[in-house]
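Below: the structure, in structure tokens.
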Amino acid sequence: MNTQTRSHHLRGAVLLATTLLFIPLISVVAFPVKGGQASLDDVRNATAKYHDINVAIADGYGPFYVCTDKEGVGAMGQHYVNGALVDPVNSPGIDPLKPEALVYEPRPDGSLKLVAAEYVTFQDAYHQAFGANATPTVLGTNLIAVGAGNRYGLPPFFERHVWLWSPNPLGIFDDWNSRVSCRGNGDPAV
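Below is the structure:
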């Protein structure tokens with residue numbers, strides 16, 4: 055092998071090694087994949103700015119329904135939804151770093167405390183995009199199917215709460231949190 059050929063092979067090996075070093079960084083850091091390549095810490099970092107309700111409102115989130123609670127179980131809290139993220143025409147999938155809803159607990163002084171994120175997509179649109187038997191997931195967990203005739207008056211949808219900012223004795227992905235309250239101003243309907 056002559057000097058020119060060895061130099062060519064060495065440059066190729068260095069280029070390949072450099073490329074292989076950056077592939078994990080590109081796939082994990084720069085381009086989270088819809089459906090679950092993010093971690094809970096990634097979602098906390100992406101939603102931390104929403105502790106300020108005014109930032110949430112400026113980013114397109116608005117109050118939806120009333121504070122939701124369930125007697126003897128706990129509350130979901132007051133949902134703030136970004137309709138552009140729920141809209142299946144824009145994005146029928148789930149992006150863990152862009153929750154469709156933020157959940158707040160009313161405080162005694164009238165302020166709102168961020169307690170959870172919620173992921174939502176309409177069933178029909180999701181099935182059209184991903185197949186009739188597909189179930190969306192986020193953070194490695196299936197979303198829950200909610201049928202027609204629900205308390206929100208919505209067509210069938212999938213949803214999943216993630217209690218990032220308030221410990222939940224029922225589990226981080228449970229709908230209800232016994233430590234969250236609507237302070238007597240919620241919808242106790244089941």
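So the sequence shown is residues 55 to 244, counted in the numbering used here.
Backbone N, C-alpha and C define an ideal beta-carbon position, used for all residues, glycine too.
Predicted model only: the values in this text are computed from it and were never measured.
Could you compute how far the alpha carbon of residue i sits from the alpha carbon of residue j?
i	j	result
Gln211	Gly164	With the sequence shown as reference, residue 211 is identified as Phe, and Gln is not the correct amino acid for it. Answer to the nearest angstrom: the Cα atoms are 31 angstroms apart.
Leu75	Gln91	With a pLDDT of only 33 at Leu75, under the threshold of 50, the placement of this residue in the model should not be trusted; the figure read from the coordinates follows. Approximately 19 angstroms between the Cα atoms of the pair.
Ser220	Tyr119	21 angstroms
Gly238	Gln132	12 angstroms
Arg161	Pro150	27 angstroms
Leu224	Glu125	15 angstroms
Ala129	Ala186	32 angstroms
Leu94	Cys236	25 angstroms
Asn99	Gly207	32 angstroms
Trp230	Thr175	19 angstroms
Return helix, strand or coil for residue i, following the three-state DSSP convention.
i	result
Asn187	coil
Tyr104	helix
Ile198	strand
Ala92	coil
Gly116	strand
Val140	helix
Asn222	coil
Asp123	strand
Val109	helix
Val97	helix
Tyr180	helix
Phe227	coil
Glu172	strand
Pro150	coil
Cutting at 7 angstroms between CB atoms, please list the residues of its own chain near residue i, excluding the five before and the five after it.
i	result
Phe227	Thr195, Arg214, His215, Val216
Gly116	Tyr134, Val135
Gly114	Asn136, Ala138
His181	Ala188
Tyr173	Ile148, Pro153, Glu154, Val192, Leu197, Glu213, Arg214
Ala202	Pro209, Pro210
I believe residue i touches residue j by the beta-carbon criterion, under 8 angstroms. Please report the beta-carbon distance rounded to the nearest angstrom.
i	j	result
Val234	Glu159	5 angstroms
His218	Val97	For the record, residue 218 in the displayed sequence is Leu; it is not His. With 8 angstroms as the limit, Leu218 and Val97 qualify as a contact, their Cβ atoms being about 6 angstroms apart.
Ala171	Thr122	Between Thr122 and Ala171 the Cβ distance is about 15 angstroms, and since that is not below 8 angstroms, they are no contact.
Ala110	Leu156	6 angstroms
His105	Leu193	Not quite, the Cβ-Cβ distance comes to about 20 angstroms (not below 8 angstroms), so this is no contact.
Who are the Cβ neighbours of residue i in its own chain at under 8 angstroms, not counting the five residues just before and after it?
i	result
Gln177	Ala199, Pro209, Pro210, Phe211, Phe212
Leu166	Ile107, Gln132, Tyr158, Glu159, Pro160
Ser232	Val127, Gly128, Asn222, Pro223, Leu224
Keeping to the same chain, check which residues put their C-beta closer than 6 angstroms to that of residue i; ignore five residues upstream and five downstream.
i	result
Leu79	Low confidence applies to Leu79: its pLDDT is 30, below 50, so where it sits in the model is not reliable, and the reading given next is rough at best. Excluding residues within five positions, none has a Cβ falling inside 6 angstroms.
Lys103	Val109
With a threshold of 7 angstroms between beta-carbons, can residue i be considered close to chain C, or not?
i	result
Val192	No chain C appears in the structure shown, which is made up of a single protein chain.
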